[in-house]
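Per the numbering used here, the very first residue in the sequence shown carries number 2; after that it's consecutive. Everything below concerns the one structure shown next.
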Amino acid sequence: MKTYENLCTRLKASVIFKNVLKDRAVSALIKLLESDCGSVSESVSLYSDFVAALYESGDNLSEYLNGLLQDDENIYVKAAAADRLTPPLEAACENELGLFAELAATECKDVKAAVGARFFLPEWKNSPVDIKALYKKKISEIKTTGYGIYAGHKMFLYKNGEIVPVRYSDPQRLSQLSGYELERQKVIDNTLALIHSKPCNNVLLYGDAGSGKSSTVKGIVNEYWKMGLRLVEIKKNQLYSLPDVLDKLAENPLKFIIFIDDLSFSSNDADFGALKAILEGGVAGKTSNIAIYATSNRRNLVRENFSDRNGDDVHLQDTIQEITSLSARFGLKVTFSRPDKDLYLSIVKNLSIEYNISMDENELFKSAEAFALRNGGRSPRTAKQFVEYLASKSE
2 MKTYENLCTR LKASVIFKNV LKDRAVSALI KLLESDCGSV SESVSLYSDF VAALYESGDN
62 LSEYLNGLLQ DDENIYVKAA AADRLTPPLE AACENELGLF AELAATECKD VKAAVGARFF
122 LPEWKNSPVD IKALYKKKIS EIKTTGYGIY AGHKMFLYKN GEIVPVRYSD PQRLSQLSGY
182 ELERQKVIDN TLALIHSKPC NNVLLYGDAG SGKSSTVKGI VNEYWKMGLR LVEIKKNQLY
242 SLPDVLDKLA ENPLKFIIFI DDLSFSSNDA DFGALKAILE GGVAGKTSNI AIYATSNRRN
302 LVRENFSDRN GDDVHLQDTI QEITSLSARF GLKVTFSRPD KDLYLSIVKN LSIEYNISMD
362 ENELFKSAEA FALRNGGRSP RTAKQFVEYL ASKSE
């Protein structure tokens, strides 16, 4: 199509947003606009390829392109995040945003007229989206909103050598947690120090199962993610990949909690050394935008047997000291102990209010104690399970 030939040529010269050109819908649109429309059948096929790709995300071309540009992780956003923008980069970005703004204004009626088909063709919409202004706004807020996958998600996993977003992350909020306020405040204060680029510690949350250790970490991320906080969960058997994860996050403007849940080691565990090296500040030490938060049911993190103390190691005491001292590398250790009766019932009462449970308090407490007896003892997790059980019965 002669009208769009020059635009397509200039778009192909993109340097900053070259990855956007690889998008299925965008590449299909450019092929369509480059076609000479000599064959109606071929043009219609190209037309349908583009519309089918666009319809997978909606029917508005302007909004679709703006979303791609906003989410693109490119050399410009990385330079902006690191305060390393240069005049050539600024000029290139300004030019390319203008080209994509032209592409976003491509109207269905004009393309349909050029195709020349005399039968129904599906349509798309355009909106008055100011692509340049919205992109500049994004860049001005990049220190707290992030870029690429980090802009739209709070929590991430490490899979197959890549950090990937959790599409449906745990919605746990701090306001939903009851009890352990003093313990939780220590973790909150440390996290706020991380967010505000102040000295902060790696944190070990240890204690009985179901006491709210993991929920505390997730609740903190949900509370402060708009201040630039994100969470990347690493499994225990992925600890050897920690240096790679830290490299990927080192120059990111956001602040990250590397979260290791339910951490424990055997005395000869190969992953032990990987974490110890990071915590001790080895060659691959973490940067100031990262803190490691781990939860464990074991204070010393290492599963130790009596046989470990009766081996033939010449320097037995040195070995014992090494395998039991990993927890000392965490600057902040917070204990979440099993609640006593009063704390357990207080948690039950607060949760029953949140879940709108209408029940005599004495009867509520009596039933809660019986539930705990049948389900492994008192804990915040047991309290929540009990109240959710009541809620399900009242519906």
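Every residue gets a Cβ at the ideal spot worked out from N, C-alpha and C, and that includes glycine.
Tell me which residues share the same chain as residue i and place their Cβ nearer than 8 Å to its Cβ, disregarding the 5 neighbours each side in the sequence.
i	result
glycine 162	Ser242 and Asp245
valine 349	Leu365, Phe366, Ala369, Ala384, Phe387 and Val388
alanine 106	Ser63 and Asn127
lysine 112	It should be noted that the sequence gives valine, not lysine, for residue 112. Closer than 8 Å at Cβ, skipping near neighbours: Met2, Leu33, Leu34 and Tyr48.
Please state whether DSSP places residue i in a helix, a strand or coil.
i	result
valine 27	helix
valine 335	strand
lysine 13	coil
lysine 342	helix
lysine 3	helix
asparagine 67	helix
asparagine 191	helix
lysine 19	coil
asparagine 351	helix
glutamate 74	coil
threonine 383	helix
leucine 86	coil
isoleucine 279	helix
phenylalanine 121	coil
tyrosine 356	coil
alanine 392	helix
aspartate 50	helix
serine 40	coil
serine 328	helix
Cβ of residue i within 8 Å of Cβ of residue j?
i	j	result
serine 128	serine 63	yes
serine 36	glutamate 43	yes
leucine 206	phenylalanine 157	no
lysine 133	alanine 102	yes
tyrosine 181	glutamate 74	no
methionine 228	threonine 146	no
alanine 80	leucine 66	no
leucine 100	leucine 12	yes
isoleucine 259	isoleucine 235	yes
arginine 375	glycine 211	no
lysine 237	isoleucine 261	yes
asparagine 203	phenylalanine 372	no
lysine 334	arginine 379	no
asparagine 351	serine 179	yes
tyrosine 159	glutamine 239	yes
lysine 249	isoleucine 143	no
Counting only the same chain and skipping the five closest in sequence on each side, list residues whose C-beta sits under 7 Å from that of residue i.
i	result
cysteine 201	Asn191, Ala194, Leu195 and Ala292
methionine 2	Leu34, Ser36, Cys38 and Ala115
serine 198	Ser289
proline 166	Ile150, His154 and Phe157
glutamate 400	The first residue shown for the chain is 2 and the last is 396, placing residue 400 beyond what the model contains.
tyrosine 77	Ile17, Leu90 and Cys94
Near residue i, which residues of its chain fall below 6 Å by C-beta distance, leaving aside the five closest residues on each side in sequence?
i	result
leucine 317	Residue placement at leucine 317 is flagged as unreliable, the pLDDT there being 42, under the threshold of 50; the coordinate-derived value follows with that caveat. Cβ neighbours of leucine 317 beyond the five flanking positions: none.
aspartate 313	The pLDDT assigned to aspartate 313 is 49, lower than 50, so where the model puts this residue is not dependable; a value taken from the coordinates is nonetheless given after this. Excluding residues within five positions, none has a Cβ falling inside 6 Å.
lysine 219	Asp171 and Gln173
isoleucine 358	Leu391
lysine 214	Leu206, Thr296 and Phe337
isoleucine 31	Cys9
glutamate 252	Ala83
leucine 175	Gly220 and Glu224
glycine 208	Thr336, Phe337 and Ser338
isoleucine 354	none
arginine 185	Thr217
alanine 29	Asp50, Phe51 and Ala54
alanine 152	Thr146
Based on the DSSP output, what are the partners of residue i in its beta bridges?
i	result
tyrosine 294	Val204 and Phe260
lysine 367	Lysine 367 is not bridged to any residue.
lysine 126	Asn61
Looking at the C-beta of residue i, does it have a partner C-beta in chain C at a distance below 8 Å?
i	result
glutamate 252	Checking the listed chains, one finds no chain C in this structure; it contains a single protein chain.
Next item on the list: List in chain order: all unbroken beta strand (DSSP E) runs of 3+ residues lying wholly within the segment 197–267.
Entry: Listed in chain order, the complete beta strand (DSSP E) runs (minimum 3 residues) inside the segment 197–267 are 204–208, 230–234 and 256–261.
Note to self: To test your reading of the DSSP string, which unbroken alpha helix (DSSP H) runs of 4 or more residues are found completely within the segment 89–119?
What the structure shows: Runs of the alpha helix (DSSP H) inside the segment 89–119: 109–116.
Check: At which residue ranges does the segment 130–187 contain complete beta strand (DSSP E) runs of 3 or more residues, listed in the order of the chain?
Finding: Segments of the beta strand (DSSP E) lying fully in the segment 130–187: 156–160 and 163–166.
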